[in-house]
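Residue numbers (our numbering), protein chains in the order written: chain A, 111 to 168; chain B, 723 to 1202. The beta carbon of each residue, even a glycine, is placed where N, CA and C say it ideally should be. This structure is a prediction, so every number in the text was calculated from the model and none was measured. Here's the structure we're looking at; comments come further down.
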Amino acid sequence: MSIKIKSKRNFFKLSFLLFFSLLTLDFNKKTLNNLKKKGIRFFKKNKKVWILSQNDFE
Amino acid sequence: MILNNLENIGDDFFSVIIIGSGPAGITTALKLEEFNINTLLIEAGNLEMNADSEDFLKGNIIAEDYDDISVRRARMFGGTSNLWGGHCNKFERDQFENWPIDYDELHSFDDEAKKVLGLKFYHTDFYVKKFSKNFNQYNSRFADKSRNFKDVYYDRVKNSKFIHLSLDTTFLHFEGKEKKVSSIYCRKKSNFYSLKAKYYVLAAGGIENSRLLLWSKEKNKKLFKDNLPIGKYYMDHPYYDPAEGFVRYNKFAKYLNETKGSSREFFVDCYNRILLFPNLNFRKERDIDSLTFFLNFNHKTAANKSYMKQIACMAPNFVKQFLEKEKENDLIKFNISILQEQEPEVDNKITLGKELDPFGTPLIDLKWRMSDKMKRAAKENLVNLGNFLIDKNMGRISIDEYIFSYKNFKTKLIGAHQMGGTRAGKDKLNSVVDKNLKVHSLDNVFVAGSSVFVTGGHGNPTYTIVLLSLKLANHIKKII
């Protein structure tokens, strides 16, 4: 019985962790995307380096 | 008046001898004339450059990239003003913090300096306004009449009662002992003279001041007691074109009008340029010195379809963003030039070389380099300007690769603004003249010109040279 309870607890703990990990991952992805959108990209062509926005490429 | 010979001149006749008739020498002489002080102004050249001038002005350059110094100097009445474009700029107050000279005291001569230079102002003063978070906008003033001191001041000097001009008179060295100069030894044509005065002003030019002081020290070791850093902390303003780009012209103009708060279109100088420099906060945050960006809209060239398509192949959305939304002729190309402040470094220096000029004075060795800090400053400022144009969606820039690699910097003009070498300061260890421009080790010798600059600033030096010369003449009047 005690084992079952422990398993249940572990299950909740694991679920909780997994849920927040996914949330964080999603958050990170969004943040990265935002940064990317605002971001600056250096593009080399003909011995010149262009300073461009990420938006210029999408 | 003009002195054709230097025979039979009484020892007490001249109160001041000025060596060199460039902007510094002439300004000092004109101001002393106002005080009725008898001055001898000696000039090694004549009214025009001689064919053999180069033999006195050349030197051995030890640098990756530096122009021929003999073509950036002029051995003639009016000195380097004969080669000058007439740009006048004022130092920012914060760029003056290491100078021993009080900023406000020096700029109390502003009105007189403007008069000497014949400045015609659109505004009452030099124009400086905020451009963005990191950059300020300013404008050069142009010396309309006085680009050439020879044409403007020769007749006045010739007719002066108190200024005695001796042309073709080459200063050789100082004579005297124990901190006091008793005379100058010079040569007029094939004759040699020792000429006496109470005070001497060395105003022979940015490089020449160091050369002549070094040679005087070499010739007369009893005269100088201290080991002053003569020739050291030499500075210049490298000028180069490292970037180009395009802007949405109307949007850019509108932005400039908003920041400037004026009804004029946007503030460009007579060459259609916008001048920017990084503000103090940005320079402190990045630990860099200053520079001027010249955004050159000289030809208002439209960024046409073929130009834009070159960029579009690497950034596909580019065409959509700019070319399709804007009218084609609203996208204007511009290029960016930089005139860069150089940090004073002890290893950038003028020394006496082995080769001699035709009168036996050693020519110089000039050791010069651009530090990595300067190269980083160029990169940081350019990238920041690029980011700013993206933030405001006003345009884009491209920067030459060497700005990022720090290798093979390609200057377009270097050697025109010769500064430092006899820098001003309180400490004899790292300066040659004091706050009154008197040489630390000598009681009666002053130095005028850009060689006394402590820092170079981001603008052209002539305006400050004239201010310093007026201040010097004022000081001599007080002590004479």
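Test: residue i CB closer than 7 Å to a CB of chain A
i: Ile741 (chain B); result: no
i: Arg814 (chain B); result: Here residue 814 (chain B) turns out to be Glu, not Arg, going by the sequence shown. So, not an interface residue.
i: Ala1099 (chain B); result: no
i: Glu776 (chain B); result: no
i: Asn1039 (chain B); result: yes
i: Met1036 (chain B); result: yes
DSSP state of residue i mapped onto helix, strand, coil
i: His886 (chain B); result: strand
i: Tyr844 (chain B); result: Because Tyr844 (chain B) sits at a pLDDT of 48, beneath the cut-off of 50, its placement in the model cannot be relied upon, and the following sentence gives the value as read from the coordinates. Reduced to three states, the DSSP call for Tyr844 (chain B) is coil.
i: Ile1054 (chain B); result: strand
i: Thr802 (chain B); result: helix
i: Leu1074 (chain B); result: strand
i: Ala766 (chain B); result: coil
i: Ala925 (chain B); result: coil
i: Leu1189 (chain B); result: helix
i: His829 (chain B); result: helix
i: Ala1146 (chain B); result: strand
i: Val879 (chain B); result: helix
i: Asn949 (chain B); result: coil
i: Lys1101 (chain B); result: helix
i: Leu1017 (chain B); result: strand
i: Arg1091 (chain B); result: coil
i: Ile1202 (chain B); result: coil
i: Asn858 (chain B); result: strand
i: Ile823 (chain B); result: coil
i: Ile1086 (chain B); result: strand
i: Tyr962 (chain B); result: strand
i: Val1174 (chain B); result: helix
Beta-bridge partners of residue i, as assigned by DSSP
i: Gly967 (chain B); result: B:Phe1056 and B:Ile1119
i: Ser163 (chain A); result: A:Ile150
i: Ile724 (chain B); result: B:Leu887
i: Glu897 (chain B); result: B:Ser905
i: Thr761 (chain B); result: B:Val738 and B:Ile885
i: Met1141 (chain B); result: B:Met957
i: Ser916 (chain B); result: B:Tyr907
i: His809 (chain B); result: B:Phe864
i: Arg995 (chain B); result: B:Asn1018
i: Thr892 (chain B); result: B:Arg909
i: Gln1062 (chain B); result: B:Leu1013
i: Gly744 (chain B); result: According to DSSP, which records beta bridges pairwise, Gly744 (chain B) is partnered with nothing at all.
i: Gly781 (chain B); result: B:Ile1086
i: Val874 (chain B); result: Note: Val874 (chain B) sits in no beta bridge, so no partner.
Contact with chain B by residue i, beta-carbon distance below 7 Å
i: Ser163 (chain A); result: yes
i: Lys118 (chain A); result: no
i: Lys123 (chain A); result: no
i: Phe126 (chain A); result: no
i: Phe129 (chain A); result: no
Where residue i meets chain C, residues with beta-carbon distance less than 8 Å
i: Val1068 (chain B); result: The question asks about chain C, but that chain is absent: this structure's protein chains are A and B.
Contact test: residue i Cβ vs the ligand HEM heavy atom, cutoff 6 Å
i: Ala835 (chain B); result: Judged by which ligands are present, the structure shown has none, so any question about the ligand HEM falls away.
Quiz item: For the 8 Å Cβ check, are there 3 or more pairs between the stretch 759-776 of chain B and the stretch 945-952 of chain B?
Solution: no
Quiz item: If you measure beta-carbon to beta-carbon, which residues of the stretch 1108-1138 of chain B are closer than 7 Å to chain A?
Solution: Across the stretch 1108-1138 of chain B, CB contacts with chain A closer than 7 Å involve Gly1108, Asn1109, Ile1112, Arg1118, Ile1119, Ser1120, Ile1121, Asp1122, Glu1123 and Phe1126, in sequence order along the chain.
Quiz item: Is there contact between the stretch 1099-1116 of chain B and the stretch 955-967 of chain B, where contact requires at least three CB pairs shorter than 8 Å?
Solution: Segments in contact, yes.
Quiz item: Can you list, in chain order, the residues of the stretch 950-965 of chain B whose Cβ is nearer than 7 Å to any Cβ on chain A?
Solution: none
Practice problem: Pair every Cβ in the stretch 1139-1151 of chain B with every Cβ in the stretch 1073-1082 of chain B, then say whether three or more of these pairs are closer than 8 Å. | Solution: The stretch 1073-1082 of chain B and the stretch 1139-1151 of chain B do not touch, with fewer than three beta-carbon pairs separated by less than 8 Å.
Quiz item: Touching or not, the stretch 764-784 of chain B and the stretch 820-835 of chain B, by the rule of three or more beta carbon pairs under 8 Å?
Solution: no
Exercise. Please determine if the stretch 1137-1144 of chain B and the stretch 949-958 of chain B are in contact, where contact requires at least 3 C-beta pairs separated by less than 8 Å.
Key: yes
Quiz item: Just checking, does the stretch 750-759 of chain B make contact with the stretch 932-940 of chain B on the three C-beta pairs under 8 Å criterion?
Solution: no
Quiz item: Taking a cut of 7 Å between CB atoms, which residues from the stretch 813-838 of chain B lie near chain A?
Solution: Against chain A - using a Cβ distance shorter than 7 Å - the stretch 813-838 of chain B contributes no residues.
Quiz prompt | Sufficient close CB pairs (3 or more, under 8 Å) joining the stretch 152-161 of chain A to the stretch 1109-1122 of chain B | solution = yes
Exercise. Mind the definition here: the stretch 784-791 of chain B touches the stretch 912-927 of chain B only if three or more C-beta pairs lie below 8 Å; say whether that holds.
Key: no
Quiz item: Would you call the stretch 997-1006 of chain B and the stretch 1159-1174 of chain B in contact, with 3 or more CB pairs under 8 Å?
Solution: no
Quiz item: Using a Cβ cut-off of 9 Å, which residues of the stretch 1075-1105 of chain B contact any Cβ in chain A, in chain order?
Solution: Leu1104 and Val1105
Self-check item: Any 3 or more C-beta pairs closer than 8 Å across the stretch 921-936 of chain B and the stretch 730-748 of chain B
Solution: yes
Quiz item: Taking contact to mean at least 3 C-beta pairs separated by less than 8 Å, is the stretch 1130-1139 of chain B in contact with the stretch 880-898 of chain B?
Solution: no
Exercise. Determine, using beta-carbon pairs with one atom in the stretch 808-820 of chain B and one in the stretch 1172-1181 of chain B, whether at least three such pairs fall under 8 Å.
Key: yes
Quiz item: Are the stretch 853-864 of chain B and the stretch 1104-1117 of chain B in contact at 8 Å, needing three or more beta carbon pairs?
Solution: yes
Exercise. Pair every Cβ in the stretch 1009-1018 of chain B with every Cβ in the stretch 870-888 of chain B, then say whether three or more of these pairs are closer than 8 Å.
Key: no
Practice problem: Using a Cβ-Cβ cut-off of less than 9 Å, give me the residues of the stretch 767-800 of chain B that come near chain A, in sequence order. | Solution: Flagged: no residues at all.
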